[in-house]
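Student: Below is one structure. I have some questions about it.
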Amino acid sequence: MNKTVLITGATSGFGKAMATKFAGANYNCIITGRRADKLKEVAEELIAIFGAKVLPLVFDVQDKERVFEAIESLPTEWKAIDVLINNAGLALGKDSFENASLDDWETMIDTNLKGLLYVSKAVIPLMIARKSGHIINLGSTAGKEVYKDGNVYCATKFAVDAISKSMRIDLLPNKIKVTAIHPGSADTAFSNIRFKGDGAKAAAFYEGYEPLHAEDVADIALYCASLPPHVCINDLVVTCTAQGSASLFYKD
Ligand code: NDP
Ligand code: 8X3
44 MNKTVLITGA TSGFGKAMAT KFAGANYNCI ITGRRADKLK EVAEELIAIF GAKVLPLVFD
104 VQDKERVFEA IESLPTEWKA IDVLINNAGL ALGKDSFENA SLDDWETMID TNLKGLLYVS
164 KAVIPLMIAR KSGHIINLGS TAGKEVYKDG NVYCATKFAV DAISKSMRID LLPNKIKVTA
224 IHPGSADTAF SNIRFKGDGA KAAAFYEGYE PLHAEDVADI ALYCASLPPH VCINDLVVTC
284 TAQGSASLFY KD
């Protein structure tokens with residue numbers, strides 16, 4: 044029987060690449076995001092390429108009621124979620140503490156931290172009922188080391204690190220694995236969003252080195268999910284070869 048994965052933020056970047064890898068590995072895919080048109084495109088692609096079973100669910104992870112409604116609304120056969128990938132997230136702005144925008148901070152906290160908590164709270168009871176499951180949380184190298192002007196983005200990813208560790212301990216009796224994947228710089232829409240559509244600034248961030256690509260991180264997520272039941276990768280930091288710390292890059 045096929046396994047089922049639920050991936051938040053599957054309209055773009057890591058989430059879309061993970062949906063492609065997992066569909067290619069015969070997973071049934073619940074894909075989520077706010078942009079219904081993009082989600083439909085991804086679903087159609089996965090069905091056309093792999094003949095995959097795909098269920099698109101449109102919701103904003105910041106909206107607590109909607110998150111619970113969406114998970115509750117899943118048809119029974121889709122409620123057997125084997126793997127939950129908490130991937131939806133963003134950085135907004137890269138400004139010093141005194142100049143950063145409170146609205147940006149709140150959006151990052153509401154999405155990267157509270158959104159991850161809401162989705163996890165909605166899905167975990169389904170895993171507990173089956174005494175089985177795997178939660179993969181997307182942290183960041185920014186959740187391992189702070190860097191200049193990273194302030195609240197870093198704080199949300201440090202929180203993902205802490206939550207992943209504590210989830211793992213709390214969920215041990217239910218045989219639920221928890222993996223945190225912490226990538227460094229990757230060339231998704233991430234920087235374009237962080238710099239609010241300033242394409243030149245976003246492009247400059249990736250200049251002079253080859254960053255990770257979304258597919259690299261997706262391969263890793265699929266690998267983590269493919270290990271036998273008694274093996275769990277707890278914490279995995281991955282950077283491109285040119286990145287030596289959260290903020291140090293060797294640029295040609
Ligand atoms: P993208 O911008 O390409 O993708 C982000 C995804 O998150 C989109 O599918 C977006 O969907 C979804 N999303 C954002 N906000 C919300 C929301 N409020 N509700 C639901 N979905 C939301 O970026 P990445 O793929 O790079 O980012 C994915 C994750 O990886 C994030 O958590 C990011 O912090 C983390 N990360 C990224 C790194 C990088 O360098 N790229 C490195 C380390 C970690 P939609 O807009 O349709 O809602
Ligand atoms: C994203 C990685 O280095 O842009 O989490 O903060 S970085």
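Everything in the sequence shown is counted per this note's numbering, starting at 44 for the first residue and increasing by one.
Glycine is no exception: its CB is placed at the ideal position from the N, C-alpha and C atoms.
Owing to the predicted nature of the structure, the values given are computational and were not obtained by experimental measurement.
1) Opposite residue 286 in the DSSP bridges: which residues?
2) Measuring from the CB of residue 185, is there a heavy atom of the ligand 8X3 at a distance below 7 angstroms?
3) Do residue 59 and residue 257 have their CB atoms nearer than 8 angstroms?
4) Less than 7 angstroms separating the Cβ of residue 219 from some heavy atom of the ligand NDP?
5) Under 8 angstroms between the Cβ atoms of residue 228 and residue 265?
6) With DSSP as the reference, label residue 171 as helix, strand or coil.
7) DSSP has residue 99 in a bridge; who is on the other side?
8) Quick check: the Cα distance between residue 66 and residue 270, rounded to an integer number of angstroms?
9) Quick one, are the C-beta atoms of residue 126 and residue 48 less than 8 angstroms apart?
10) When the Cα atoms are used, what is the spatial distance from residue 158 to residue 213?
11) Is there contact here, the stretch 219-226 with the stretch 270-282, by at least three beta-carbon pairs under 8 angstroms?
12) Looking at residue 345: is its Cβ nearer than 8 angstroms to the Cβ of residue 105?
13) Tell me which same chain residues have a C-beta within less than 7 angstroms of the C-beta of residue 148, skipping the five on either side of it?
14) Since residue 223 sits in a beta bridge, which residues does DSSP pair it with?
15) Would you say the stretch 171-186 touches the stretch 230-242, given that touching needs at least three Cβ pairs under 8 angstroms?
16) Specify, as a first and last residue, the run of the alpha helix (DSSP H) that residue 85 falls within.
17) Kindly examine the ligand 8X3 and report whether one of its heavy atoms sits closer than 7 angstroms to the Cβ of residue 207.
18) Using a Cβ-Cβ cutoff of less than 6 angstroms, which residues in the same chain neighbour residue 248 once the five nearest sequence positions on both sides are dropped?
19) Taking 7 angstroms as the cut-off, does the CB of residue 77 come closer than this to any heavy atom belonging to the ligand NDP?
20) Go ahead and pull the three-state DSSP assignment for residue 124.
21) Based on the DSSP secondary-structure assignment, which residues constitute the bridge partners of residue 48?
22) By the three-class DSSP mapping on this structure, what secondary structure does residue 214 have?
23) Tell me the residue span of the alpha helix (DSSP H) that contains residue 246.
24) Counting only beta-carbon separations shorter than 8 angstroms, does residue 213 have a partner in chain B?
25) CB-CB under 7 angstroms to residue 286, same chain, minus the five flanking residues each way: which ones, in chain order?
26) In this structure, does DSSP put residue 117 in helix, strand or coil?
Tutor: According to the structure shown:
1) Here residue 286 refers to the residue found at position 243 when the sequence shown is read from its first residue. Answer is 292, bridged to residue 286.
2) Counting from one through the sequence shown, the residue named residue 185 turns up at place 142. Residue 185: yes, Cβ under 7 angstroms from the ligand 8X3.
3) In the sequence shown, counting from the first residue as 1, residue 59 sits at position 16. In the sequence shown, counting from the first residue as 1, residue 257 sits at position 214. Closer than 8 angstroms, so yes.
4) Position 176 of the sequence shown, counting from 1, holds the residue named residue 219. No, since every heavy atom of the ligand NDP falls outside the 7 angstroms radius drawn around the Cβ of residue 219.
5) On the sequence shown, position 185 is the one that residue 228 refers to. On the sequence shown, position 222 is the one that residue 265 refers to. Not a contact, by the Cβ cut-off of 8 angstroms.
6) On the sequence shown, position 128 is the one that residue 171 refers to. If DSSP states are grouped into helix, strand and coil, residue 171 belongs with the helices.
7) Walking along the sequence shown from the start, residue 99 turns up at place 56. Partner(s): 74.
8) The residue labelled residue 66 in the question sits at position 23 within the sequence shown. The residue labelled residue 270 in the question sits at position 227 within the sequence shown. Cα to Cα, the separation comes out at about 17 angstroms.
9) Position 83 of the sequence shown holds residue 126. Position 5 of the sequence shown holds residue 48. It is a contact, given that the beta carbons lie within the stated cut-off.
10) Here residue 158 is taken as the residue at index 115 of the sequence shown, counted from 1. Here residue 213 is taken as the residue at index 170 of the sequence shown, counted from 1. Whole-angstrom Cα-Cα distance: 19 angstroms.
11) yes
12) Here the chain has residues from 44 to 295 only, and residue 345 is not among them.
13) For the purposes of this step, residue 148 is identified with residue 105 of the sequence shown, where counting begins at 1. The residues are 195.
14) Start at 1 with the first residue of the sequence shown, and residue 223 comes out as number 180. DSSP, once it has assigned bridges, lists 180, 278 as partnering residue 223.
15) no
16) Within the sequence shown, the letter at position 42 stands for residue 85. Here the alpha helix (DSSP H) through residue 85 covers 79-93.
17) Here residue 207 refers to the residue found at position 164 of the sequence shown. Residue 207: no, Cβ never under 7 angstroms from the ligand 8X3.
18) For the purposes of this step, residue 248 is taken as residue 205 along the sequence shown, with counting starting at 1. Excluding sequence neighbours, residue 248 sits near 234.
19) To locate residue 77, count along the sequence shown from 1; it is residue 34. Yes, the beta carbon of residue 77 sits closer than 7 angstroms to at least one heavy atom of the ligand NDP.
20) Numbered from its first residue, the sequence shown carries residue 124 at position 81. In the structure shown, residue 124 sits in coil (DSSP, three-state: anything other than H, G, I, E or B).
21) Numbered from its first residue, the sequence shown carries residue 48 at position 5. According to DSSP, residue 48 bridges with 72, 126.
22) As a first step, residue 214 is located in the sequence shown; it is residue number 171 there, counting from the start. Note: residue 214 maps to helix in three-state DSSP.
23) In the sequence shown, residue 246 corresponds to position 203, counting from 1. Residues 242-248.
24) Among the chains of the structure shown, chain B does not appear; only one protein chain is present.
25) What you label residue 286 is simply residue 243 of the sequence shown in a count that begins at 1. Excluding residues within five positions, the ones whose Cβ falls inside 7 angstroms are 227, 228, 292.
26) Within the sequence shown, numbered from 1, the residue matching residue 117 stands at position 74. Looking at residue 117 - three-state DSSP - the assignment turns out to be coil, as it is neither helix nor strand.
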